[in-house]
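Read through the structure below, which is laid out as structure tokens, and then see the notes.
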Amino acid sequence: MRLHGATALVSGTNRDLGRHFAEQLLHRGAAKVYATARRPELVDLPGAEVLPLDITDPASVAAAAAAAGDVDLLVNNAGVSLGVNLVDGDLDKIRMTLDTHFYGTLAMIRAFAPILAANGGGAILNVLSVLSFQSFDGNNAYAVAKSAQWSLTNGVRLELAGQGTLVTGLVFGPTATETMKAYAEKVMEGGALPHGVMNDPADIVRTALDGVEAGKIEILADSFGATAKASLAGDPRAFVLETASAG
Ligand SMILES: NC(=O)c1ccc[n+]([C@@H]2O[C@H](COP(=O)([O-])OP(=O)(O)OC[C@H]3O[C@@H](n4cnc5c(N)ncnc54)[C@H](OP(=O)(O)O)[C@@H]3O)[C@@H](O)[C@H]2O)c1
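Mapping of the sequence shown onto the numbering used here: position 215 corresponds to residue 217, and the numbering continues sequentially without gaps.
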């Protein structure tokens with residue numbers, strides 16, 4: 003898909019990867035970028051059209067779709083990483099994790115699929131994770147949600163092929179966003195993920211947008227992603243993110 007002249011909507015643009023997506027789309031010559039956020043007052047992106055959007059709120063999703071009927075690229079970036087395990091983790095946080103990554107992404111796709119069809123097919127980019135393929139003790143609810151989001155991506159790709167919509171999954175590992183750096187400091191006590199091991203968010207977004215322009219349906223954007231995907235062919239004990247060795 004050609005990004006020059008495209009009209010994109012990105013979720014979660016008030017910081018980190020979402021902000022990079024909106025910014026780089028503008029730099030690549032997108033005709034319009036809807037930069038959305040739960041707290042739109044925090045979005046600082048000159049040239050973007052700012053819209054309020056909470057992907058877990060059906061009324062908010064419907065309002066965004068009503069306001070952005072010219073979209074031909076949907077970037078489902080918004081996410082939460084609550085550091086919750088499955089057996090003894092807070093059930094409300096587990097539900098919120100799935101509500102965001104799975105049901106939130108699904109709600110966005112259901113709302114925007116007819117818009118993409120009306121605008122010639124376009125593309126959907128779902129921001130997945132190395133934890134779509136692997137588990138991580140301490141954040142296993144997130145891994146479940148990212149895994150579901152990967153399957154969602156594959157299913158939707160089949161369902162939207164007839165209308166000509168490219169559906170792409172972006173897979174990558176730890177990336178030095180503010181959230182991830184704080185998580186590494188707090189939950190991993192700074193040791194398991196030294197900053198040098200983490201990706202630069204701008205690089206991940208550049209690789210992702212190159213992949214969409216090239217029409218890729220799955221982008222393994224770093225060595226974490228490639229290792230995780232390859233591990234699926236191996237022993238199930240390999241389905242664990244090894245942060246110390248996978249840089
Ligand atoms: N950083 C990594 O290492 C990494 C690795 C692999 C995949 N990812 C994925 O990449 C994406 C972005 O990650 P990030 O590190 O940039 O995360 P981040 O810094 O925590 O940013 C997440 C963004 O999503 C927004 N958001 C959360 N829940 C939302 C909702 N219900 N509706 C709308 N927006 C919502 C947040 O808004 P608020 O400010 O309102 O909370 C924020 O703007 C996520 O899907 C994440 O799972 C990240």
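Backbone N, C-alpha and C define an ideal beta-carbon position, used for all residues, glycine too.
query, result
"Measuring CB to CB, does Trp152 end up less than 9 Å from Phe174?", "no"
"Which ranges does the alpha helix (DSSP H) cover as unbroken runs of at least 4 residues, wholly within the region 16–44, from first to last along the chain?", "18–29"
"Using a threshold of 8 Å, is the CB atom of Arg239 nearer than that to any non-hydrogen atom of ligand 1?", "no"
"Expressed to the nearest angstrom, what Euclidean distance is found between the alpha-carbon atoms of Ala143 and Gly91?", "8 Å"
"Can you tell me whether His29 is buried or exposed? The criterion is at least 16 other CB atoms within 10 Å of its CB, across all chains shown.", "exposed"
"Tell whether a beta-carbon distance below 9 Å holds between Val129 and Pro176.", "no"
"Shorter than 8 Å, the distance from the beta carbon of Asn87 to the closest heavy atom of ligand 1, or not?", "no"
"For Thr170 and Ala216, what's the separation of their Cα atoms in angstroms?", "11 Å"
"What is the DSSP secondary structure of Thr99, counted as helix, strand or coil?", "helix"
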